[in-house]
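To start, the structure under review is shown below, and the notes come after it.
There are 2 protein chains.
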Amino acid sequence: MGYVVSTIRDVAKQAGVSTMTVSRVLNNSGYVSADTRERVEKAISDLGYVPNSLARSLRSKSTRTVALVLTDVTNPFFTTLVRGAEDVASRHDFNLILCNTDESEAKQTQYLTVLLQKRVDGVLLVPARSTSEPVTWLQRQGVPVVVVDRRVPSADVDAVRCDSEQGAYEMTRYLLGLGHRRIALLTGPAGVSTAQDRVNGYRRALHECSLNEGDELIAYGEFAPHSGYRMAQQVLDLPERPTALFAANNFIAAGAYRAVRDAGLSIPADLSMVAFDDLPAGLAVEPFMTVIEQPAYEMGSRAAELLFARLSGRAPSACQEVILPIRLIVRCSSGAPS
Amino acid sequence: MGYVVSTIRDVAKQAGVSTMTVSRVLNNSGYVSADTRERVEKAISDLGYVPNSLARSLRSKSTRTVALVLTDVTNPFFTTLVRGAEDVASRHDFNLILCNTDESEAKQTQYLTVLLQKRVDGVLLVPARSTSEPVTWLQRQGVPVVVVDRRVPSADVDAVRCDSEQGAYEMTRYLLGLGHRRIALLTGPAGVSTAQDRVNGYRRALHECSLNEGDELIAYGEFAPHSGYRMAQQVLDLPERPTALFAANNFIAAGAYRAVRDAGLSIPADLSMVAFDDLPAGLAVEPFMTVIEQPAYEMGSRAAELLFARLSGRAPSACQEVILPIRLIVRCSSGAPS
DNA sequence: CCGGTGTATGTTATCCATAACATGTGTTAC
DNA sequence: GTAACACATGTTATGGATAACATACACCGG
Numbered sequence: 230m231g232y233v234v235s236t237i238r239d240v241a242k243q244a245g246v247s248t249m250t251v252s253r254v255l256n257n258s259g260y261v262s263a264d265t266r267e268r269v270e271k272a273i274s275d276l277g278y279v280p281n282s283l284a285r286s287l288r289s290k291s292t293r294t295v296a297l298v299l300t301d302v303t304n305p306f307f308t309t310l311v312r313g314a315e316d317v318a319s320r321h322d323f324n325l326i327l328c329n330t331d332e333s334e335a336k337q338t339q340y341l342t343v344l345l346q347k348r349v350d351g352v353l354l355v356p357a358r359s360t361s362e363p364v365t366w367l368q369r370q371g372v373p374v375v376v377v378d379r380r381v382p383s384a385d386v387d388a389v390r391c392d393s394e395q396g397a398y399e400m401t402r403y404l405l406g407l408g409h410r411r412i413a414l415l416t417g418p419a420g421v422s423t424a425q426d427r428v429n430g431y432r433r434a435l436h437e438c439s440l441n442e443g444d445e446l447i448a449y450g451e452f453a454p455h456s457g458y459r460m461a462q463q464v465l466d467l468p469e470r471p472t473a474l475f476a477a478n479n480f481i482a483a484g485a486y487r488a489v490r491d492a493g494l495s496i497p498a499d500l501s502m503v504a505f506d507d508l509p510a511g512l513a514v515e516p517f518m519t520v521i522e523q524p525a526y527e528m529g530s531r532a533a534e535l536l537f538a539r540l541s542g543r544a545p546s547a548c549q550e551v552i553l554p555i556r557l558i559v560r561c562s563s564g565a566p567s
Numbered sequence: 230m231g232y233v234v235s236t237i238r239d240v241a242k243q244a245g246v247s248t249m250t251v252s253r254v255l256n257n258s259g260y261v262s263a264d265t266r267e268r269v270e271k272a273i274s275d276l277g278y279v280p281n282s283l284a285r286s287l288r289s290k291s292t293r294t295v296a297l298v299l300t301d302v303t304n305p306f307f308t309t310l311v312r313g314a315e316d317v318a319s320r321h322d323f324n325l326i327l328c329n330t331d332e333s334e335a336k337q338t339q340y341l342t343v344l345l346q347k348r349v350d351g352v353l354l355v356p357a358r359s360t361s362e363p364v365t366w367l368q369r370q371g372v373p374v375v376v377v378d379r380r381v382p383s384a385d386v387d388a389v390r391c392d393s394e395q396g397a398y399e400m401t402r403y404l405l406g407l408g409h410r411r412i413a414l415l416t417g418p419a420g421v422s423t424a425q426d427r428v429n430g431y432r433r434a435l436h437e438c439s440l441n442e443g444d445e446l447i448a449y450g451e452f453a454p455h456s457g458y459r460m461a462q463q464v465l466d467l468p469e470r471p472t473a474l475f476a477a478n479n480f481i482a483a484g485a486y487r488a489v490r491d492a493g494l495s496i497p498a499d500l501s502m503v504a505f506d507d508l509p510a511g512l513a514v515e516p517f518m519t520v521i522e523q524p525a526y527e528m529g530s531r532a533a534e535l536l537f538a539r540l541s542g543r544a545p546s547a548c549q550e551v552i553l554p555i556r557l558i559v560r561c562s563s564g565a566p567s
């Protein structure tokens, strides 16, 4: 009970020096004799002193902390992205705070408020919705932002992402090339740029083939397995069943895959299936699906690097947009329509 | 550029009051007239003022933040546990910081250091290894701890978990009851209490049946799919193949499941399979496995409640150990040996 | 009319560290 | 011999908020 947390003053007294000298030892700044340093270090360890970063940050105006605000920590795409950001952050000796918004704008606002209050030095943001408002808010508060994975309209901000429109276009072209004409697209919320861009790329490819289907083959839902399941059911129930399913992300694909199996259809014999984002190899399904792979790790690391470039002032004043290349990986879930 | 972040002083000046009055408005404490409150609130919103929680916490000696340190954020068992903790935290108007140690003691130490520096008010800890050291360290620094899911030896600390030994015992009894005699156990790292307890429960059940197998049927690995895959391969390659596989957690089960399929065996015809922790329903495998289910959400919420009880002083001075009940859910992955 | 109580606001000290500046050695250079 | 400089340490001001205390007025009861 009642353990007393010691302060820099206690350490100074114990070591017989001023607090400033202790501070120098802690920060390895300025001059300290070997002898003094040793005494101070002994005092620190004797007292079990842990510096108070609140006080430290208050004075130094830097928390050495950045935040990564994303929409779904459980998605392997994002966990990989996190590792990329983490590695860069720890290389810069920064802490990374993870905030999971669950695709909710309200939660996002709440987290950004807390982050501003905690005075994080910068934010990596995967926006829950396609609005520039949160970005400009952070910027007005003097917090550098890098927008990751998704677009926000008309914001003057650093950004790292892949070209979802182009990716969806290429994937759709690939399916068309196999001979598919009825291709269903299962996508995310209409308000999310990646969901919309993938629709646009899909449409562009279809239009090029003069396939102007109505929108019955496009299903909007959430980036979640249960939603993928429902959307797949929905398009499989259409009078004229599609010959190919294009899931706009890995979780939608996972759910859709179950729906297809539950419907007694086999892949790719009865139906081709492709997806955006690779599927988690470890989890029960072996990697067999034809996918558009995005370099998630690199997205995280490049975004973090951009942020640290801003933080250190080593960045060009103009904002940078980094578009990373995607890769179409053909596996055995896709083939010519029967 | 150069946006100026405003302080409570700026707000006070703008509203023509003292900083103390602004503080009262912010914290809804003390007396403030309706008229003044309105002026202050206008000033706050005009300036886009965001209170500095560093300064606030420094003075008030409370960060209104607790941390949940766990070993694998990607595991649905833990994400569910997180939600339990989150809900309770937000009900108490506290922030929850998530720290992912990846089962590494080094990472755990690093995170705890940062948390102490940031002066979190409390910690929920899923210990990476069975050592009481990190717990006593936190306690000596005056930070209340609740140990979750896993045991640490001889520590005087609040704890919430399930009885892994008993769960494994019951599951093994169940398999023995079906007629299985060669039951392989795929478990986690030897240094983790849940991994070890599950071995102990398994052994107890076997001993009761006078089945004193050597340890060739016990494989130690990591709580991860790739490890489950390898361990399954290992026991499937034994001269006398086991008739049942018992995975000590869901991720091991997911990997083992793939190994079984890759070996061309079918479940439960050729081999029964059971697991500790339910499998993620959403991810490609439908829930079909016989499991010991732990109340993950409740573990998180109860642990958080215990922590807040301590924080508010409303807790009995003696430490509490909460052992939550588990449930054996029989599904179609297990049957009598062929 | 006086003291007690509730309301409304302000002043000062403080939280714990670091920035900025000051001071005092000893050594080197010319 | 002394200016210049590296080295070593200390003193004071400061960051942005709240705790603790102080002040002042209004209203009420006796």
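Listed in order, the protein sequences are those of chains C and S. Numbers in the numbering used here are just positions in the first sequence, counted from 1, shifted up by 229. Numbers in the numbering used here are just positions in the second sequence, counted from 1, shifted up by 229. Yeah, the Cβ is synthetic: ideal placement off N, Cα and C, and Gly gets one too.
In its chain, beyond the 5 residues on either side, G313 and L553 have a beta carbon closer than 8 Å to the beta carbon of E527/C. DSSP places N256/C inside the alpha helix (DSSP H), whose first and last residues are T248 to N256.
Here the segment 327 to 342 of chain C makes contact with the segment 355 to 366 of chain C; the two share three or more CB pairs at distances below 8 Å.
Of the other Cβ atoms in all chains shown, fewer than 16 fall within 10 Å of the Cβ of E550/S; this residue is therefore exposed. A Cβ of chain S is located within less than 9 Å of the beta carbon of S286/C. For T308/C, the nearest beta carbon of chain S is closer than 9 Å to its own beta carbon. Contact of V503/S with chain C is not assigned, every C-beta pair being separated by 9 Å or more. Inside the segment 366 to 433 of chain C, DSSP marks whole beta strand (DSSP E) runs of 3 or more residues at positions 374 to 377, 387 to 391 and 412 to 416, from first to last along the chain.
Put simply, of V234/C, S262/C and V269/C the residue whose alpha carbon is nearest the alpha carbon of T248/C is V269/C. Taking CB atoms only, G277/S has a neighbour in chain C less than 9 Å away. Boundaries of the alpha helix (DSSP H) around L341/C: E334 to Q346.
The alpha-carbon of P524/S is positioned some 40 Å away from that of S286/C. Per DSSP, the beta bridge partners of R556/C are E522/C. By the rule that beta-carbons nearer than 9 Å mark a contact, P356/C does not touch chain S. Against chain C, the CB of L536/S has no partner CB under 9 Å away; the residue lies outside that interface. In the three-state reduction of the DSSP assignment, F307/C falls in the helix class, which pools H, G and I. Only residues of its own chain outside the window of five on either side were considered, and among them A397, T401 and L414 have a CB closer than 6 Å to the CB of Y431/C, listed in chain order. Chain S has a Cβ within less than 9 Å of the Cβ of T292/C. Judged by DSSP secondary structure, V503/C falls within the beta strand (DSSP E) whose first and last residues are S501 to F505.
Closest option to H455/S, judged by alpha-carbon separation, among D392/S, T265/S and G484/S: G484/S. Within the same chain, and ignoring the five residues on either side of F537/C in sequence, the residues whose Cβ sits closer than 6 Å to its Cβ are H321. By the neighbour-count criterion, in which 16 or more other beta carbons inside 10 Å mark a residue as buried, T472/S falls on the buried side.
Of the candidates G408/C, G450/C and R380/C, G408/C places its Cα closest to the Cα of S501/C.
With respect to chain C, the C-beta atom of S282/S has a partner C-beta closer than 9 Å. Distance from the Cα of Q368/S is smallest, within the candidate group Y449/S, L341/S and R379/S, for L341/S. Under the 10 Å beta carbon count, C328/S is surrounded by 16 or more other beta carbons and is classified as buried.
Excluding five sequence positions before and after A477/C, the CB atoms of its chain that fall closer than 7 Å to its own CB belong to L414, L415, T416, G417, A424, R427 and F505, given in chain order.
Rounded to the nearest angstrom, the Cβ distance from L446/S to R411/S is 7 Å, consistent with a contact under 8 Å.
With fewer than 16 other beta carbons inside 10 angstroms of its own, A565/C counts as exposed. Rounded to the nearest angstrom, the gap between the Cα atoms of K290/S and D491/C is 56 Å. Going by DSSP, G277/C is part of no alpha helix (DSSP H) at all; its letter is neither H nor E.
Neighbours of N324/C in chain S, taken as residues whose beta carbon is under 8 Å from its own, are V343 in chain order. Nearest C-alpha to V464/C among F480/C, A488/C and A384/C: A488/C. Residue environment analysis places N257/S among the exposed positions, since fewer than 16 neighbouring C-beta atoms fall within 10 angstroms of its C-beta. Considering only beta carbons, no part of the segment 235 to 257 of chain S lies closer than 7 Å to chain C. C-alpha of Q462/S to C-alpha of P497/S: approximately 17 Å in a straight line.
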